[in-house]
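Number of protein chains: 2
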Amino acid sequence: MSHVGYGCLMAVDREHVLRSAAALLTRKSTATMDEVAKAAGISRATLHRQFAGRDALVRALEALGIAECEAALDRARLDEGPAGEAVRRLIRELEPATGLLAFLYSENQLFEGEEQNAGWARIDARVTAVFRRGQDGGEFRIDLSPAWLTEALYGLLAAGAWSVLDGKVARNDFTPMIAELLLGGALRREEP
Amino acid sequence: MSHVGYGCLMAVDREHVLRSAAALLTRKSTATMDEVAKAAGISRATLHRQFAGRDALVRALEALGIAECEAALDRARLDEGPAGEAVRRLIRELEPATGLLAFLYSENQLFEGEEQNAGWARIDARVTAVFRRGQDGGEFRIDLSPAWLTEALYGLLAAGAWSVLDGKVARNDFTPMIAELLLGGALRREEP
DNA sequence: CCCACATGAGACATCTTTGTCTCATCCAAG
DNA sequence: CTTGGATGAGACAAAGATGTCTCATGTGGG
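Chains as they are written, first to last, in full-length UniProt numbering: chain S, 1 to 192; chain C, 1 to 192.
Here it is, written out as structure tokens:
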């Protein structure tokens with residue numbers, strides 16, 4: 001039945017195109033629609049049939065990024081166990097999506113004061129909540145606001161993603177180096 | 001004498017234009033040459049007389065950013081005293097330039113693998129050196145590479161600059177919140 | 001006063017990207 | 001085999017940004 005085939009093919013193709021676009025735009029955020037199409041192995045016409053324009057493509061990527069963030073948040077079970085371990089789990093679960101997230105992170109900087117997507121607000125709230133939980137439980141220091149800890153996490157994720165892309169650090173170190181720095185800082189701890 | 005007036009006026013105008021462009025591009029990295037000119041209070045023709053094109057303007061901004069970084073590095077006297085205090089001084093001295101630096105930081109992500117400016121390499125080396133010094137002196141932990149600590153500092157500076165621009169955190173908190181997070185991390189320390 | 005020179009305003013061509021369109025091709029279902 | 005639908009290739013105009021040009025203006029120094 002053409003309907004079934006149509007729906008399925010569109011779905012997988014759309015997924016593949018989005019993945020390719022994310023991978024390309026992560027490296028070259030100013031890539032043209034033509035380059036995006038070539039990277040996905042399709043023609044510009046087909047790309048334009050699936051995404052009405054560049055805006056639509058970016059918005060679809062944003063939706064994908066939000067979905068992956070929320071999935072990672074679910075998997076990380078932020079409300080279980082020590083907050084520090086929860087943050088560690090979150091970073092680990094977020095890792096496969098950090099390329100896309102780094103692109104969206106820098107992209108959103110130029111949406112001046114426009115409409116703040118409700119999806120990001122929800123994600124912000126969930127991330128902020130785990131930092132607040134850690135503070136309330138006496139696990140995290142209270143002189144750094146949860147809002148700043150959240151922004152710092154985003155910044156470190158982007159910095160880590162770009163460092164890996166540039167080959168400045170090993171991909172395997174991604175999760176621990178972000179978690180260790182965010183939680184423990186650079187200063188050496190006195191071992192008891 | 002026209003030569004003196006010419007030279008002096010060009011200098012201050014150039015400085016003013018660069019500052020305005022930096023302030024604008026920090027908020028809207030895709031601003032047009034026309035917008036940059038308007039922001040500086042000059043016409044597009046005059047802007048184009050001072051900077052051959054957009055590339056030249058961005059390169060001039062990069063040179064300005066590099067110069068400010070090196071000046072901040074000089075003022076911070078990274079090789080004096082405890083490395084942690086040196087990093088704190090560096091963040092404080094860098095603070096006025098972080099808007100420009102955040103713009104250049106995200107801008108450089110799309111210079112794919114192009115020529116790495118020698119200026120940034122020198123700055124990287126100096127920043128990396130202070131982290132290495134801290135490790136050698138037993139002050140910093142050694143399981144986080146100096147290269148990663150350097151990249152993390154850049155990421156936190158950019159995240160802090162954008163957070164201040166978005167009004168998510170107070171400008172006065174900029175230096176301490178970055179320094180405290182980078183050095184001490186989010187975990188609460190056991191007070192002796 | 002006069003003049004050199006920087007400036008502002010705007011016209012203009014060019015380039016790139018985008019969005020839309022047409023048409024030939026291919027493939028898979030019927 | 002036939003045919004509907006998706007695709008690729010390419011032409012096309014529109015829009016935006018850029019780079020270049022000319023000309024009028026204003027100002028400061030001689």
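Idealized CB from N, CA, C, for every residue including glycine.
Where the alpha helix (DSSP H) through residue i begins and ends
i	result
Asp55 of chain C	Arg54 to Ala76
residue 205 of chain C	Since the displayed chain C opens at 1 and closes at 192, residue 205 of chain C lies outside it and no answer follows.
Pair within 8 Å by beta-carbon distance, residue i and residue j
i	j	result
Met33 of chain S	Leu47 of chain S	yes
Gln50 of chain C	Arg88 of chain C	no
Glu93 of chain S	Ala72 of chain S	yes
Leu165 of chain C	Leu182 of chain C	no
Glu95 of chain C	Thr175 of chain C	yes
Ser29 of chain C	Gln135 of chain S	no
Ala40 of chain S	His16 of chain S	yes
Ile66 of chain C	Ile123 of chain C	yes
Ala158 of chain C	Ala121 of chain C	no
Phe140 of chain S	Leu90 of chain C	no
Leu100 of chain C	Leu64 of chain C	yes
Ser106 of chain S	Glu151 of chain C	no
Arg126 of chain C	Pro146 of chain C	no
Glu61 of chain C	Val130 of chain C	Looking at the sequence provided, one finds Leu at residue 61 of chain C rather than Glu. No.
Gly81 of chain S	Gly185 of chain C	no
Ala161 of chain S	Thr98 of chain S	yes
Arg27 of chain C	Ala37 of chain C	no
Ala83 of chain C	Gly137 of chain C	yes
Met177 of chain C	Leu153 of chain S	no
Which residues DSSP lists as bridging residue i, in chain order
i	result
Leu187 of chain C	S:Phe140
Collapsed DSSP secondary structure at residue i in the structure displayed
i	result
Glu80 of chain S	coil
Ser29 of chain C	coil
Asp166 of chain S	coil
Gly41 of chain S	coil
Ser145 of chain S	coil
Asn172 of chain S	helix
Phe103 of chain S	helix
Phe131 of chain S	helix
Gly7 of chain C	In this prediction, Gly7 of chain C scores a pLDDT of 37, lower than 50, which makes its location untrustworthy; the coordinate-derived value is nonetheless stated afterwards. Three-state result, Gly7 of chain C: helix.
Arg19 of chain S	helix
Pro192 of chain S	Residue placement at Pro192 of chain S is poorly supported in this model, since its pLDDT is 48, which falls under 50; the coordinates still yield a value, given next. In the structure shown, Pro192 of chain S sits in coil (DSSP, three-state: anything other than H, G, I, E or B).
Met1 of chain C	Below a pLDDT of 50, predicted positions are generally treated as unreliable, and Met1 of chain C, at 37, falls in that range; the measurement from the model is reported next regardless. It is coil, neither helix nor strand.
Original post:
For the stretch 26-57 of chain S, which residues have a beta carbon sitting closer than 8 Å to at least one beta carbon of chain C?
Top reply: Of all residues in the stretch 26-57 of chain S, Arg27, Lys28, Ser29 and Thr30 have a Cβ within less than 8 Å of some Cβ in chain C.
Subject >> Residues from the stretch 143-173 of chain S in contact with chain C, defined by Cβ distance under 8 Å >> reply: Answer in chain order: Asp143, Leu144, Ser145, Ala147, Trp148, Leu149, Glu151, Ala152, Tyr154, Gly155, Leu156, Ala158, Ala159, Gly160, Trp162, Ser163, Lys168, Val169 and Asp173.
Subject >> Contact list for the stretch 173-187 of chain S against chain C, Cβ threshold 9 Å >> reply: Under the 9 Å Cβ criterion, the stretch 173-187 of chain S contributes Asp173, Pro176, Met177, Ile178, Glu180, Leu181, Leu182, Leu183, Gly184, Gly185, Ala186 and Leu187.
Original post:
Listed in chain order, which residues of the stretch 119-144 of chain C have Cβ atoms closer than 9 Å to some Cβ of chain S?
Top reply: If the cut-off is 9 Å between Cβ atoms, the stretch 119-144 of chain C has Phe131, Gly134, Gln135, Gly138, Glu139, Phe140, Arg141, Ile142, Asp143 and Leu144 near chain S.
**OP:** Mind checking the stretch 79-94 of chain C against chain S and listing, in chain order, the residues whose C-beta falls within less than 7 Å of any C-beta there?
**Re:** With the criterion set as a beta carbon lying under 7 Å from some beta carbon of chain S, the members of the stretch 79-94 of chain C are Gly84, in sequence order.
Original post:
When you check each C-beta in the stretch 94-106 of chain S against every C-beta of chain C, which residues fall closer than 7 Å?
Top reply: Flagged, chain order: Ser106.
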